[in-house]
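Residue numbers (UniProt numbering): 1 to 325. Using N, Cα and C, we set each Cβ at its ideal position, and we do this for glycine too. Note sheet for the following structure.
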Ligand SMILES: [Zn+2]
């Protein structure tokens, strides 16, 4: 967790105290109001609970957002984050129609991603651990490939649902002591790594339970993209792109820059395999406006332009695959 000494904020990712205000509380408040208003105006017939993780986020209180001048990462004011966040995730309620909707949507998502996921080169019987397995759609995909996969998640409702699909899921936080050294061929962490308080320690522990040459795949929001859009004179032009990628209002405790993520992995005993920029999802959520996905080609052009910046990733999200040395 980031430390605050007097008025000084330390970066929770690299420890630097060379941090500054990235967005005021008022700016974040206005962006969150835009997100919520957008969905309320357009989808009046959709039950409010269907907006979970689309415009209703665990981290959507207005607060100051900071940036680190050394590693270029971005993070919410640590003081704004409740100490009960883990309990809130444990008790996070998902009605069955939302669970069914997410299950179908993410099954389609991983099927769309089959080429990339199978390019990781895992064999039948490979031992795979997913941290943050949610409704279990990735575990379903892994099972379809013949991988020996298990998941863990602290959420009671999502884990119960995944188990009802016959998937192997433990309801608990990650603890390396629950596993053997060199146990897994691959560890997958999708939309979850940005929540870890002590990422350096976690990376070392993941290294310990991976076999030599084992793969670690992380999907996480990209601070490089947030810098490019939030600090642009044309921020308003990027509103729908930010909104469609769950980034408007910066509803994550931490967002890694590509450089910070790669440095963290390198210092934890990993070598890079591939960093792939991407959007949050290739499947239009039920609550999205219809033309967002028809404009993807235009957005891809902008991402590629941003990508030309040396040592940066131009896309809203990153898939980072690295290998245990
Ligand atoms: Zn930093």
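>> Within 8 Å, do at least three Cβ pairs link the segment 304-313 to the segment 186-204?
In response: The answer is no - the segment 304-313 does not touch the segment 186-204, with fewer than three Cβ pairs under 8 Å.
> Span of the beta strand (DSSP E) holding residue 66?
Replying inline: Translated into the one-based positions of the chain shown, residue 66 becomes position 66. For residue 66, the uninterrupted beta strand (DSSP E) run begins and ends at 65-68, by DSSP.
> Helix, strand or coil: how does DSSP classify residue 271 here?
Replying inline: Along the chain shown, one-based indexing puts residue 271 at 271. Here residue 271 sits in strand by DSSP.
>> Quick check: is any heavy atom of ligand 3 less than 7 Å from the C-beta of residue 265?
In response: This structure lacks ligand 3; the ligands present are ligand 1.
> Count the other CB atoms within 10 Å of the CB of residue 66; is the residue buried (16 or more) or exposed (fewer)?
Replying inline: Sequence index remark: in the chain shown, residue 66 carries index 66 (1-based). So residue 66 counts as buried.
> Quick one: Cα of residue 98 to Cα of residue 50, how far?
Replying inline: For the purposes of this step, residue 98 is identified with residue 98 of the chain shown, where counting begins at 1. For the purposes of this step, residue 50 is identified with residue 50 of the chain shown, where counting begins at 1. If I take the Cα positions, the gap works out to 6 Å.
> residue 68: beta carbon under 7 Å from a heavy atom of ligand 1?
Replying inline: Residue numbering aside, residue 68 sits at position 68 when the chain shown is read from its first letter. Residue 68 has its CB nearer than 7 Å to a heavy atom of ligand 1.
>> Quick check on residue 71: does DSSP put it in helix, strand or coil?
In response: Locating residue 71 in the chain shown gives position 71, counting from the first residue. DSSP, read as helix, strand or coil, puts residue 71 in coil.
>> So the candidates are 194, 248, 84, 178; which of them puts its Cα closest to the Cα of residue 23?
In response: Reading the chain shown from its first residue, position 23 is the one you call residue 23. Shortest Cα-Cα distance from residue 23 to any of 194, 248, 84, 178 involves 248.
>> Could you tell me the alpha carbon to alpha carbon distance between residue 209 and residue 182, rounded to whole angstroms?
In response: Taking the first residue of the chain shown as 1, we reach residue 209 at position 209. Taking the first residue of the chain shown as 1, we reach residue 182 at position 182. Cα to Cα, residue 209 sits roughly 5 Å from residue 182.
> Going by the CB atoms, is the gap between residue 151 and residue 139 shorter than 8 Å?
Replying inline: As a working note, residue 139 is residue 139 in the chain shown. As a working note, residue 151 is residue 151 in the chain shown. Contact: yes.
> Can you tell which of 173, 105, 94, 111 has the C-alpha that lies nearest to the C-alpha of residue 129?
Replying inline: One-based indexing of the chain shown puts residue 129 at position 129. Ranking 173, 105, 94, 111 by Cα distance to residue 129 puts 173 first.
> Would DSSP call residue 6 helix, strand or coil?
Replying inline: Taking the first residue of the chain shown as position 1, residue 6 is located at position 6. Low confidence applies here, because residue 6 scores a pLDDT of 47, under 50, leaving its location unreliable and the question unanswered by this model.
>> Just to confirm my understanding: we take residue 15, look at its own chain, exclude 5 residues before and 5 after, and list those with CB closer than 7 Å. What are they?
In response: For the purposes of this step, residue 15 is identified with residue 15 of the chain shown, where counting begins at 1. Counting only Cβ-Cβ distances below 7 Å, and skipping sequence neighbours, we find nothing.
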